[in-house]
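Residue numbers (the UniProt record's numbering): 1 to 120. Note sheet for the following structure.
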């Protein structure tokens, strides 16, 4: 179990955090166009994960906007924003906000978050 700070307080995470550069477990996500994105498509590539619960919360929406802005300046790096929202909600948000520099995908069909924290 790892610890982090939240509002000045030390809190425990549900599991150890993965090491930078460690391999991720296999996964399949659904993109806003309803096509699938698999972990195999990211093998050997540089990518950043932004994982959040819902695009329709202020903090989560802000994170996607910020990553979208920062991703515009990244070469050969995919920024993948993952939530449990339905792809339709993600597509609505991306269209309204002009999100074009990140890949937004849904984990609504998978146990992505649970699988991510349980691999070693």
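The C-beta atom is built at its ideal place from N, Cα and C for all residues, glycine as well. Given the structure is predicted, the values throughout are model-derived calculations rather than measurements.
Here residue 32 is buried. Its C-beta has 16 or more other C-beta atoms within 10 Å.
Contact between the segment 39-52 and the segment 4-15 is absent: fewer than 3 CB-CB pairs across the two stretches fall below 8 Å. Annotated three-state conformation of residue 14 is coil, per DSSP. In the DSSP secondary-structure assignment, residue 97 is not bridged to any residue. By the criterion of at least three beta-carbon pairs nearer than 8 Å, the segment 16-28 is not in contact with the segment 92-103. At a Cβ-Cβ threshold of 8 Å, residue 95 and residue 51 do not count as neighbours. C-alpha of residue 36 to C-alpha of residue 29: approximately 6 Å in a straight line. Within the UniProt domain "Thioredoxin" (18-120), complete alpha helix (DSSP H) segments of at least 4 residues are found at 58-71, 87-97 and 112-118, given in chain order.
Of the candidates 92, 116, 86 and 91, 86 places its Cα closest to the Cα of residue 109. DSSP, reduced to helix, strand and coil, places residue 2 outside both helices and strands of the structure shown, so it counts as coil.
With fewer than 16 other beta carbons inside 10 angstroms of its own, residue 59 counts as exposed.
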